[in-house]
Structure formats: structure tokens, C-alpha cells
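Below is one structure, written out as C-alpha cells; the observations come after it.
Protein chains: 2
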Amino acid sequence: MTEQPRGVAILGSTGSIGRQALDVIRRLPGRFRVIALAGGNNHTLLEDQAREFHPDLVWCQDGDRGMNLRAAAGPRTAWATMEEICADQRIDIVVAATSGAAGLLPVLTALRCGKAVALANKEVLVMAGHIVTRAAEQGRAELRPVDSEHSAIWQCLWGEDLATVERLILTASGGAFRDVPVADLAAVTPREALRHPTWDMGRKVTIDSATLMNKGFEAIEARWLFNMPMDRIEVLLHRESIVHSLVEFADGSVKAQLGEPDMRLPIQCALSYPERMTGAVAPRLNLARSKALHFEDVDLGRYPCLRLALEAGARGGTWPAVLAAADEVAVERFMAGSIRFTDIAKVVDATLSAHGGTADPVLDEVLEVDRWARELASAEAARLEPLARSR
Amino acid sequence: MTEQPRGVAILGSTGSIGRQALDVIRRLPGRFRVIALAGGNNHTLLEDQAREFHPDLVWCQDGDRGMNLRAAAGPRTAWATMEEICADQRIDIVVAATSGAAGLLPVLTALRCGKAVALANKEVLVMAGHIVTRAAEQGRAELRPVDSEHSAIWQCLWGEDLATVERLILTASGGAFRDVPVADLAAVTPREALRHPTWDMGRKVTIDSATLMNKGFEAIEARWLFNMPMDRIEVLLHRESIVHSLVEFADGSVKAQLGEPDMRLPIQCALSYPERMTGAVAPRLNLARSKALHFEDVDLGRYPCLRLALEAGARGGTWPAVLAAADEVAVERFMAGSIRFTDIAKVVDATLSAHGGTADPVLDEVLEVDRWARELASAEAARLEPLARSR
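Following this line, the structure appears as C-alpha cells:
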């Protein structure tokens, strides 16, 4: 019996995760059919992707360029919004690989329509984890992790009872500045921050890795993906990025998932679940050739963003949405050269400190808080700019 | 709803694994009832165990000491052979922790009677894996591993499809002489060989760890436990004994199970399956406190016993039974000071070389081959004795 290829939509197809998802699909011929592609500003790449995968539906950020795109994809290709894409009946799996708050509404639509969502967009669960998990329950839909850390935990939990989990242990490489003295962090440049020691990822997430804000987001995501209280989620420094994360069980047994740092493996897991498809897309791990594996506790003094994130996660409600919005603004300003690396935590901290907080916000409240936090963070960043210039 | 305690028989209760199994049961009160204890020569300990656990059935190696034992256990305790124990209806799980060929018939009985067998006796599967797995099928019985390596693999396979396994990777500490120059191995003493760098185990298995024969046995056991061809089973040196073994899947993902080197965890897993029982008996792992984890390929030149075992496993039939019998004789002679450490491999090699081999032996043929191999190995050891004395 030959299985019907699974229908896939990729939101954010021109980004790092989107491109790697298409590579996985390319290397597993006959298993998937790309029904929809939604990209951002990189029209040339989106046109190339449309020419190769012939999607039925396309979307890109400016509508007037859409005509070229449809010409590239072929005559039967239609224009559709991300939410129309997510409701389309031909689609079994939505890869949510846009970044920022823009992914939230499409993901909610996909879940309510009962699609499996392979979730690479961190902000979706960070901003509105309680709303997203409720939508998944309503639609009887699966949320599948794409982050290597959550994929590792997910794989370690297959065949296990969630009630017997003692701790989830997220590993962190420590980012670009793990060996830079804390006193020197104010002077590091965006260019330096973009040199990740082990992973090749998008720009925003690479900066977030240097501050460990990324790991804080992941702790909040893990809280929702695995229905686990924040105090059972820990972060462990692991410089080599080989052990992608671990689970400790009630009997003391610890399981881990390992692999070369290559996002195509967790993407493949999320697309192929509940199967493991033969044919490794990512390079195979050779432990005897790899260097020794090291593990260290995290120094929260070095990583104030992680501390802020863990606190916001524990408070819940609208706090994580404020965290994510303020971080997005602060990272943009750092990459533009307007504020210093160490100002990222300051902007986030000041924004969180000014926030009142709502315990169980509805979606509109989350979106309102997101706007409010961006404004406040922008003002806070502007206040810090003269200091950055004077360094 | 309170669950009925599971009825347990422990064969080899006074040995290292037997004592640790009783410790697990002691620390999980109300979950298990010790129905039967079978011990060897350590009558004092067996009497203490009988006094504490009040088994219904007891057995020990000399019958005439049995009267004291029953006095210790209490008036309702009866005397029974190991095979009678294994057929008893009150018993759900048999912990097979005797060593050597003596465990074979009781294990076959237990499996044919549909009991779960927690298997710590290596020789059972090494000698007669095809007969044992067939008995498990007949009795619809479960074979559960107790070795830390097989337990690790087993745990990594929960919720996975065996058809998607690419490789089983057994880790090996390298034993007592991993850093001793090969040229000096002829002069090492039994006392030195019994100092295992990471595990506290019985004497025979500690010597077998120093030669890596133990890892060869484990590869053959893994072949039967997980129905995996020998060429998909690999051995990796891992000095710290924290990663107990790994599984690589068809998609390139690798899963591992980790823990402090303490046999009580795999014993607990085998007893509590398919649950994980809350309350860790073994100490919890702290990776940040542990030293770095290292992995190396094995040098088969340093470990000729491993090479012999992998070859015997690949040939199958009666070859592994010959391997196990010859090794048992050789290790006894080494511990008695009669032959040198490096003679263990010579005795085993000479015995295997003299063997004709049968492809699919019945049990009597296996037992006959076992006797033959012991005789031949004894003669071979005797031939080497003068050389050992002359050193």
C-alpha cells in the first residue's frame, strides 16, 4: 500500500527553518506535497521555491509582487492569506516558521481546523500558550515541536507517561559570548553576536541565543508543550550542542536525544511523526569522533535575560507576551547598532517592570499588551541610545 | 484503587544483583511481595533475607542446610527447586540473577509459564538465545533486561518501532585495565582485575569487564533481546559509565539513557515495567557535577575477548555457548591464580578453534556443548599453567 503524500503548508518558507523544511521534503520524495508557501520579503527565493514545489496556494508580504510569484508557481496557483492557507482542507501539517507575533493567528486557525502544527515560531507559545493549547484541544489537533530542544524532549517522552516526569532539562550552548568576561559584554557588536558557536540559525534567534533569552522562551514553550510547571524545567549549559535536551523521570532514569546540530532532524521528526522515515537528512552523529561532552550550571548573573524570562514564565498571564515583545524591539535596536548588547536585558526589564499584568488574558488583551510593550520598549531603547553612542 | 503487590521470585538472591533487587523491593513498600528466594552458598545471608521477606518458597545450594533456612523464614515456608519456583502461580516476575548455565532451565520454565523474567544472567541468552526467545513467544512471556546497557536500550525503544532502529550502541567503561599498556597485561593480578573503575558488581562480571568479554556477551544478549542482527550492534568506550547505552534510528536521531552507575535503577525498571514507580532508589544524576563525558572507539587488539565474542555471536548456533563455557573456566582459573590475565583469551580462543559448531541446536545439544567446552577449556588452562608459574 502506498501512502498518500501528506499535504504541507510552510509559513515562513524563505526563512532559515522554512528553507530547511523544504530541504527535508526534497530529500524524502513522495512522502509530502507542498500545498502552500508563505514567505516574507525575499521574493526571488519565494519564486524559486514556487517554481520547484508548485504549491496550490502562495502568499508573500507585498501583494503587488504576487503576480510574478503566481507566474513562477504555475497557472493553477492561487493567492491566499496565511489564515486561508491554514484552513485549507488539502493541508495536513502546517509548518509555522514565521517569526514574531505574526504567526499567532494562523497557528490558532490551523489548530482549530484540526491540522498538525509543526511549531518553530517561539513567540506563539510564549505570548499565548494558554490560548494556543486550548485551540489545540478544541480542534483535537497536535502541536509538534520543531526546536531541537523540544523535539529532543518530545522524542524522549514517546512511550512514557507524562505523570512520571520529574524534570525537563533544556540544554543551552551558552551562545556567542559564553567565554567573554561579563564586564566586556557592553562592548560586543551585532556582528560578533551573530557568530553562534554551534548552530546555524536565523538572526533574531542567534542574538537571543547570545543573551540566553532564547532558552527562557524555550522554557516557557516547554511549559505549554508538555504541560509542565515552570519549576520542573531547568536549563543546563552544554557547549557542544550534541545532547539536545533531557528528561528525568520519577524513578531517577534520565533519557536524552542526541545528534549533530542540524535543524533538519527535528523538522523531519515533526513532519514524519508518528513514523520515523528512513533516510537521514541530517548528518549522522559519530560520538567517538566528537569531542568530550560537557555540562555546567547556568550563571544567571551572566544571563539576565534568562532570569527575566524564567520569572515572566512563572508569573504567566500577559507577562511572557510583554517579555517577547520587548525583546523583539530590543534585539532590533541592538542589530541596528542603536543600543548595546547589555541594553537588551535593560529594555526588557524596564518594560516588564512597567507592566501591570493580567492573569488569564483573552487574545485581544494579549495583542493589546504586545502593542503596548513594543511602544514602551521603543521608548526605553530610545532613552538608552545616547549612552550607547557615547561608549 | 490499590494495586495488588506483584509476586516476585529472586533466583540468586544472595549475589550482587539479588541483594540489590531486594533493596529495590524494600524501598518500594507495598508494591511487591517476595514469594520465593533461591540462594547459593551464603546461608547466613539467605537466612537473614528469609527472616526479613518471609518468602513462601526457598531454595539453597545444599539441601541439608535447608532446615535452618525454613526455621528462619517461618512455618509456612516450603522448600522448592528453582524450576518449581518458576512454575508457581503466585509469581508474576522472576528475577534471574544466578550466574552461569544453572539459570537456563529455570528461566525456560518461567517463560513457558508466562512469567515476566527480569534477566540478569547473561549466560542464559548467550548460550541459548534462540531457545529462550522461542520459549518467551510460546508462553507469551516478557523478557525484561536488567543489565544497565540493555535496560538503557529498552527504555530508549519504548514508544518506538523496532523496524526503524539503525544501530544499538552499547557503552563500555573499558574495565580495570583500560589504561594499562597491552604489554603489561600478562602480569596483572586477580586483585587488580577486581577493581572496576565505575561499577560495583560481582567478581565474574568484573573480570569479564576487564577483558571486555562482558561487552561481547552483552552484544549477543542484545541480538536476542531486541531481535537485531549482530552487525547492527556496536560497542563504544565511555569511561564515565553515565550514558548506559544508545540507540540510533533510521532518521539519524540518537536516544540515550543516562544515570549514575547503580544497578538498582535498571532492576527497578524491570520490576516496575510498564510503570515507572515514583521514588528513586538509585542516586539521582547531576550532570553539571559529573565530569565531562568521553566516547572512543574500541581497540580490538587490546580486547581479544571482545573480538572472539563478536565473532562467536555472528556465527551463532553453538558457538556462543562454547564461548561462555570456556570463559567461565578461564576466569575461574585466573581468579585462582593458575593462569595469567592474557591467558583467558587464549583458553577461549583455543576452545572455539576446536569446536565444530551446530547451527540450530536443541537444548540438550547446547548443554552437551557446554560440558565439552568446559572440559576442553580446563585442559587448555592446565596446559598454560606452567607458563603462568614461570613468570
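Protein chains in written order, with numbering that gives the first Met the number 0: chain A, 0 to 390; chain B, 0 to 390. In this text, a Cβ means the ideal position worked out from N, Cα and C, and glycines have one as well.
Is there a C-beta anywhere in chain A that falls below 8 angstroms from the one on residue i?
{"i": "residue 337/B", "result": "no"}
{"i": "residue 267/B", "result": "yes"}
{"i": "residue 0/B", "result": "Residue confidence for residue 0/B is low, a pLDDT of 47 falling below 50, so the modelled location carries little weight; the figure read from the coordinates is stated next. No - not a single Cβ of chain A is within 8 angstroms of the one on residue 0/B."}
{"i": "residue 276/B", "result": "yes"}
{"i": "residue 248/B", "result": "yes"}
{"i": "residue 255/B", "result": "yes"}
{"i": "residue 26/B", "result": "no"}
{"i": "residue 12/B", "result": "no"}
{"i": "residue 258/B", "result": "yes"}
{"i": "residue 264/B", "result": "yes"}
{"i": "residue 76/B", "result": "no"}
{"i": "residue 48/B", "result": "no"}
Considering only C-alpha positions, which residue in the set the options is nearest to residue i?
{"i": "residue 217/A", "options": "239/A, 57/A, 312/A", "result": "312/A"}
{"i": "residue 259/A", "options": "76/A, 151/A, 249/A, 162/A", "result": "151/A"}
{"i": "residue 208/B", "options": "247/B, 280/B, 305/B, 232/B", "result": "305/B"}
{"i": "residue 68/A", "options": "234/A, 40/A, 168/A", "result": "40/A"}
{"i": "residue 230/A", "options": "241/A, 166/A, 127/A, 316/A", "result": "166/A"}
{"i": "residue 14/B", "options": "74/B, 38/B, 161/B", "result": "38/B"}
{"i": "residue 210/B", "options": "273/B, 119/B, 377/B, 299/B", "result": "299/B"}
{"i": "residue 5/A", "options": "70/A, 61/A, 71/A, 94/A", "result": "94/A"}
{"i": "residue 351/B", "options": "156/B, 388/B, 369/B, 334/B", "result": "369/B"}
{"i": "residue 308/B", "options": "212/B, 116/B, 122/B, 174/B", "result": "212/B"}
{"i": "residue 111/B", "options": "353/B, 99/B, 102/B, 132/B", "result": "132/B"}
{"i": "residue 384/A", "options": "359/A, 336/A, 327/A", "result": "336/A"}
{"i": "residue 392/B", "options": "366/B, 24/B, 11/B", "result": "The first residue shown for chain B is 0 and the last is 390, placing residue 392/B beyond what the model contains."}
{"i": "residue 315/A", "options": "46/A, 220/A, 331/A", "result": "220/A"}
{"i": "residue 117/B", "options": "269/B, 333/B, 290/B", "result": "269/B"}
{"i": "residue 107/B", "options": "361/B, 376/B, 371/B", "result": "361/B"}
{"i": "residue 128/A", "options": "365/A, 378/A, 376/A, 377/A", "result": "365/A"}
{"i": "residue 9/B", "options": "84/B, 388/B, 319/B", "result": "84/B"}
{"i": "residue 32/A", "options": "295/A, 44/A, 2/A", "result": "2/A"}
{"i": "residue 42/B", "options": "240/B, 319/B, 71/B, 28/B", "result": "71/B"}
Using beta carbons (cut-off 8 angstroms, strictly below), is residue i in contact with chain B?
{"i": "residue 362/A", "result": "no"}
{"i": "residue 157/A", "result": "yes"}
{"i": "residue 252/A", "result": "yes"}
{"i": "residue 208/A", "result": "no"}
{"i": "residue 240/A", "result": "no"}
{"i": "residue 21/A", "result": "no"}
{"i": "residue 271/A", "result": "yes"}
{"i": "residue 281/A", "result": "yes"}
{"i": "residue 163/A", "result": "yes"}
{"i": "residue 88/A", "result": "no"}
{"i": "residue 154/A", "result": "yes"}
Please decide whether residue i counts as near chain D, where near means a Cβ-Cβ distance under 8 angstroms.
{"i": "residue 284/A", "result": "Here the protein chains are A and B, and chain D is not one of them."}
Of all the residues that make up the segment 224-237 of chain A, which are near chain B by a beta-carbon distance shorter than 7 angstroms?
-> 235
Which residue spans inside the segment 217-295 of chain A form an unbroken beta strand (DSSP E) run of at least 3?
-> 232-236, 242-248, 253-257
Against chain B: residues of the segment 287-313 of chain A by CB proximity under 8 angstroms = 287, 289, 291, 292, 293, 294, 295, 296
Report yes or no: do three or more beta-carbon pairs, one from the segment 50-57 of chain A and one from the segment 73-91 of chain A, lie closer than 8 angstroms?
-> yes
Could you name each continuous alpha helix (DSSP H) segment of 4 residues or more that falls completely within the segment 26-69 of chain B, going from the start of the chain to the end?
-> 42-52
Length at least 3, wholly inside the segment 152-179 of chain A: the beta strand (DSSP E) runs in chain order | 164-171
Touch check for the segment 243-257 of chain A and the segment 238-258 of chain B: three-plus C-beta pairs under 8 angstroms?
-> yes
Positions along the segment 190-207 of chain B whose CB lies within less than 9 angstroms of some CB in chain A = none
Three CB pairs or more closer than 8 angstroms across the segment 187-202 of chain B and the segment 278-287 of chain B | no
Check distances from the C-beta atoms of the segment 331-357 of chain B to those of chain A and list, in chain order, the residues that come in under 9 angstroms.
-> none
Should the segment 146-163 of chain B be regarded as contacting the segment 156-173 of chain A, the criterion being three or more beta carbon pairs within less than 8 angstroms?
-> yes
Name the residues in the segment 105-133 of chain B whose C-beta lies less than 9 angstroms from a C-beta of chain A; which are they?
-> none
Report yes or no: do three or more beta-carbon pairs, one from the segment 221-230 of chain A and one from the segment 181-189 of chain A, lie closer than 8 angstroms?
-> no
Uninterrupted alpha helix (DSSP H) stretches inside the segment 314-349 of chain A (no shorter than 4 residues) = 318-334
In chain order, each beta strand (DSSP E) run of at least 3 residues that lies wholly inside the segment 357-381 of chain A = none
Are three or more beta carbon pairs between the segment 347-361 of chain A and the segment 314-332 of chain A nearer than 8 angstroms?
-> yes
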